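Protein chains: 2
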Amino acid sequence: MSNKVLIVGGVAGGASCAARLRRLDEKAEIVVFERGPYVSFANCGLPYHVGGAIPSRANLLVVTPELLRQRFRIDVRARQEVRRIDRVKQQVEVTDLESGRTYLEDYDYLVLAPGAAPLHPPIPGIALPGVFTLRTIPDTDAIINWIEDRQASEAVVIGAGYIGLEVAENFKQRGLAVSVVERAEQVLPASLDYEMAALAQVYLKQQGVNLYFGEQAQEIKEVAGQLLVRTGQRNLTAGLVLVAVGLRPETGLAREAGLELGPTGGIRTDSGLRTSDPRIFAVGDAIEVINAVSGRPALIPLAGPANRQGRLAADNICGRQATYQGTVGSSIIKLFDLAVAATGLNARQLQSAGIDYRSIIVHPLATAGYYPGGSQISLKLLFSPSDGRILGAQAIGQDGADKRIDVLATALQAGMTVYDLERLELAYAPPFSSARDPVNLLGMAASNLMRGDVAAVGWDELDSLRKNGALLLDVRTPSEVEAGIIPGSVQIPVDELRHRLGEIPAGKRLVVHCATGLRSYIACRILKAHGWSEVYNLSGGWRTYRTAVAERSKLTPFTTDLK
Amino acid sequence: MSNKVLIVGGVAGGASCAARLRRLDEKAEIVVFERGPYVSFANCGLPYHVGGAIPSRANLLVVTPELLRQRFRIDVRARQEVRRIDRVKQQVEVTDLESGRTYLEDYDYLVLAPGAAPLHPPIPGIALPGVFTLRTIPDTDAIINWIEDRQASEAVVIGAGYIGLEVAENFKQRGLAVSVVERAEQVLPASLDYEMAALAQVYLKQQGVNLYFGEQAQEIKEVAGQLLVRTGQRNLTAGLVLVAVGLRPETGLAREAGLELGPTGGIRTDSGLRTSDPRIFAVGDAIEVINAVSGRPALIPLAGPANRQGRLAADNICGRQATYQGTVGSSIIKLFDLAVAATGLNARQLQSAGIDYRSIIVHPLATAGYYPGGSQISLKLLFSPSDGRILGAQAIGQDGADKRIDVLATALQAGMTVYDLERLELAYAPPFSSARDPVNLLGMAASNLMRGDVAAVGWDELDSLRKNGALLLDVRTPSEVEAGIIPGSVQIPVDELRHRLGEIPAGKRLVVHCATGLRSYIACRILKAHGWSEVYNLSGGWRTYRTAVAERSKLTPFTTDLK
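Protein chains in written order, with the working numbering: chain W, 19 to 581; chain L, 19 to 581.
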């Protein structure tokens, strides 16, 4: 006798669970309930329909109900909402949102894949017409219609996370002026550390996106047919407002059924994705996962993990022994021509998890320097000081950032160390990489730290080191120096260093920098060999320092002679 | 007392060894001897200077001798050849190729990085003016001058390996007509299996490159100011001929010094890259390495490994305990807008190493299907049937092939299995990937095989299966079927299969195919559930079959109604 499986939610996790169930069990009865009008739609594609990159709305419908019925013999019920679970009777109560009719459906197994809902912060005016969130196709329709009907020319986006920035880009692509208001001091705080975010921010401003950090919308008002967003620091006027300040797991149904929730507020599951009721599985954005790096519970709403979870729950329903090994949080966003990506934990997350780490930043070219069209890529690696194990990575660049973060995500999940990255053999030809791939360079820089060949400091440690008497040595060339210096630094090009050692006070604590950290590493080696015992390389060099400080100076007074 | 280290060869391995030595030992005396006029030049960039993508010859000089002297205090001696090693006295005999002067130089450590030389097969006429190999900057100069002086409009390339195809593309970019003659039955036989090579071959022909397989140049003649290449099957006329049939490790110096060579003919080293004389290290294209997948000795002349070996030899000279863990052979080539890449071993290499394997081919889109501009990527995975460990991979595509092969190379080096690929969490957003990345799909397809959820056959097994009575079931849609069918196949679209099971003879052995292998997998699951016990999925589907058979039909008579 085969199972009857009910699935609540028909997008990423629910749809993949249903299809996998059918492939494993031709006889199972499979019903998918979807509250919204569409199953299995491209929710990651919605911002690109707003911007026009995906011109046809039909393209957002990845898998039609007809295909699910014909190919997978799945009973798809759109606009039908599961409102109650009777765990004892193994029944759910369903309301048909079209007819209002309510009925019961029993199950052998129930899979909860209700997803997450956009947070609506308690801002006065958040319910005004023209204030939107973006999560569904109807949301997308409403935004596009509003822009077209009102001929909106300005938009305010509240929240500089993934959705907020993707929509900001797409508003821009539609020709709207865009301002982004973010409570944190940077974009993408869930993924990037400050100095990496700063690189993205400089670029976004070059694309004409206005960014306001450390500000919260305190009120939205309608004034003369426009919306006015008041942050306390400023008033922003717009034809529409998008609120993208985060997601809330849809746990109402689970909670009312007495299923356990975890400390993060997501549905708690075991490693087989069973809830506290072994007949009920849960997958996707609604569940609490274990962060595979920290070992701690986390909410990580991503499409890839949701798909895998759906598949895995199906395996277990069919009697296989499949174990979910946690989520590392690999993510990427396109910002115009820039890619910004991350995997694992960032510095702030490692600190809050109490995990000791070291980090390194490099800015190599993504392809062989002599091959035309190569662009710089910025990579940050976070790793364990005890064994060099990779804990996280961040990448920003116009080309090849997606490749490097996927290599680093794979290495992280394999338990690789910085020494493994140093020797990793990747595919090289000049149009694609360098003989020493940026990932190798990252591994070498980190391995150098681990072996004690060089010590490093971050851009944010510089001030305190200098207050304590360290000398800042700039080993760039005179032409590079013309573009600006770090105040108080002494300039000696690396290629003159051996002849000019006499200019550097003996016994002095030194912080050395160049443009990116590569030549200053060589300078550090020379200085150590000639008797300076306390020598630090400035990680990421001038490029990281300049960008981070220039961005920070918008927030707090900070004097610098940056040009 | 610091070491005096002599390095023979100043390109990839030698130059990286020298620079690393200096970073580790400020006091060492380091001398680099380079027979040619240039050290540390971009030898992987040479084809692109021929084609004009790298317009400036100066760009090929990656690191100048001045930089090596100033920044690294390395004594660079170009145009000086080490001709003899006296291992007892720890001396080398050097000839200054400019003055003819000969002198002795003693060493504490000697590093051999002489590289490899292009093979010159014993073809009558191979020494004629206008017949070239490409390995050095002077080679490049000579080729460009010849083309310009003679206004050459046609070229013959002998050899369809990496260099041959890169030069073929670049000749084409310069406007020359190009014919490639290759002894094997396919391009890139050292990397690709036949059906993957076939995809590249179809594309190359679309770009107007003439390809002749299974043919060898038997003679080159000068006829009326043109060169004529006679293969036995045809005569090809050209203004110039490039010979690129492989490399020969430069082992003369080592051999004469009595250093051991390995069975492949390369210099033998231990895992610390020491030759049979512990004072002498060897790195780069001249050495025999251990193939990390097969555990067998191999010649794998690649820039990335050469660089790492140079660095590693320096570590050991400086008293560190560094171990070279073998080479997996990750490689990539740009062919116009296509990328072709591989890592690990291919099927032929696994067979010859006596390693049992299974394989799978998929052809997914490189990015989300609904995002514009996505192109198909073809991936082949070879893995161990006992534990699913990755043994090799091949990738071909216009976008993202480099990324997928680097992820797979990382996974291979980490010892990952197909199950790890199935659950690998990569960074997803629609412009970069799919929620199920092509690497995940490859892992799923392979895991399905490993778990026995489906059985697979290759395109080249089809004929014998059908001779033994198997029925070929084509589950594509009618519109796909219009583009051509495999002769003798029965067409039932997957979405009609459940209603038309009566058309399929009970108990029949079945081979099922669709366009790529995805829908036919679903069909296989349906058929197995309905009682057919012997059901095989055609790996890579119509796309692999059609391409491989169409290519093969050029060689051996093979009737098909391919359109």
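All C-beta atoms, glycine included, are put in the ideal place defined by N, C-alpha and C.
Predicted, not measured: the structure shown is a model, and the values here were computed from it.
Counting the other Cβ atoms within 10 Å of the Cβ of asparagine 555/W gives 16 or more, which makes it buried.
The beta carbons of arginine 97/L and glutamate 116/L sit closer together than 7 angstroms. For tyrosine 388/L, the neighbours in chain W by C-beta distance under 7 angstroms run, in chain order, Ala60, Gly63, Ile72, Asn77, Leu78, Val80.
Look at the stretch 392 to 418 of chain W: it has no residue with a C-beta under 7 angstroms from a C-beta of chain L.
Residue pairing by DSSP puts isoleucine 395/L in a beta bridge opposite Gly415/L.
Secondary structure at asparagine 309/W: strand, using DSSP grouped into helix, strand and coil.
A distance below 6 angstroms between beta-carbons, with the five flanking residues on each side excluded, links alanine 300/W to the following residues of its chain, in chain order: Leu130, Ile285, Thr287, Thr293.
Per DSSP, the continuous alpha helix (DSSP H) segment holding phenylalanine 189/W begins and ends at 180 to 191. Residues of the same chain with a CB within less than 7 angstroms of the CB of glutamate 240/W, apart from the 5 flanking positions on each side, are Leu146 in chain order. Our two residues, tryptophan 550/W and glutamate 44/L, have alpha carbons roughly 13 angstroms apart in a direct line. In the three-state DSSP reduction, valine 26/W falls in the strand class (E or B). Under the three-state reduction of DSSP output, phenylalanine 90/W falls in the helix class. When the alpha-carbon of threonine 120/W is set against those of Leu128/W, Val110/W, Tyr127/W, the nearest one is in Val110/W. Per DSSP, the continuous beta strand (DSSP E) segment holding glutamine 98/W begins and ends at 98 to 104.
If you check the CB distance, proline 448/W and tyrosine 389/W come in under 7 angstroms.
For the stretch 179 to 212 of chain W, no residue has a beta-carbon sitting nearer than 7 angstroms to a beta-carbon of chain L. Our two residues, glutamate 274/L and proline 132/L, have alpha carbons roughly 14 angstroms apart in a direct line. Linking serine 58/L to glycine 476/W through their CA atoms gives a straight-line distance of about 32 angstroms.
Identification of chain W residues near threonine 361/L by a Cβ-Cβ cut-off of 7 angstroms yields Ala445, ordered along the chain. With respect to asparagine 325/L, serine 34/L sits close: the two C-beta atoms are nearer than 7 angstroms.
When Cβ-Cβ separations below 7 angstroms define contact, glycine 322/W makes contact with chain L. Linking phenylalanine 231/W to proline 207/W through their CA atoms gives a straight-line distance of about 11 angstroms. Following the DSSP letters along the chain, one finds glutamine 169/L in no alpha helix (DSSP H), marked with neither H nor E.
Going by DSSP, proline 323/L is part of the alpha helix (DSSP H) stretching over 321 to 335. In the structure shown, threonine 562/W falls within a helical segment according to DSSP collapsed to helix, strand and coil.
The continuous stretches of alpha helix (DSSP H) do not include histidine 531/L, which lies in the beta strand (DSSP E) extending over residues 528 to 531. The way I'd put it, the stretch 384 to 398 of chain W does touch the stretch 414 to 426 of chain W; three or more beta-carbon pairs between them come closer than 8 angstroms. At a cut-off of 7 angstroms between C-beta atoms, threonine 495/W does not count as an interface residue with respect to chain L. Interface with chain W (7 angstroms Cβ-Cβ cutoff): glutamate 44/L is included.
Against chain W, the beta carbon of threonine 345/L has neighbours under 8 angstroms at Glu443, listed in chain order. Between aspartate 93/L and valine 49/L, the gap from beta carbon to beta carbon is short of 7 angstroms. Near chain W, meaning a CB-to-CB distance below 7 angstroms, the residues of the stretch 419 to 438 of chain L are Asp420, Lys421, Ile423, Asp424, Val425, Ala427, Thr428, Ala429, Gln431, Ala432, Met434.
Residues of the stretch 520 to 551 of chain W with a C-beta atom less than 9 angstroms from some C-beta of chain L are Arg537, Tyr539, Ile540, Arg543, Ile544, Lys546, Ala547, His548, listed in chain order.
Within the stretch 474 to 525 of chain W, complete beta strand (DSSP E) segments of at least 3 residues are found at 489 to 492, given in chain order. CA-CA distance, leucine 383/W to leucine 265/L, rounds to 29 angstroms. It is roughly 11 angstroms from the alpha-carbon of valine 23/L to the alpha-carbon of glycine 32/L.
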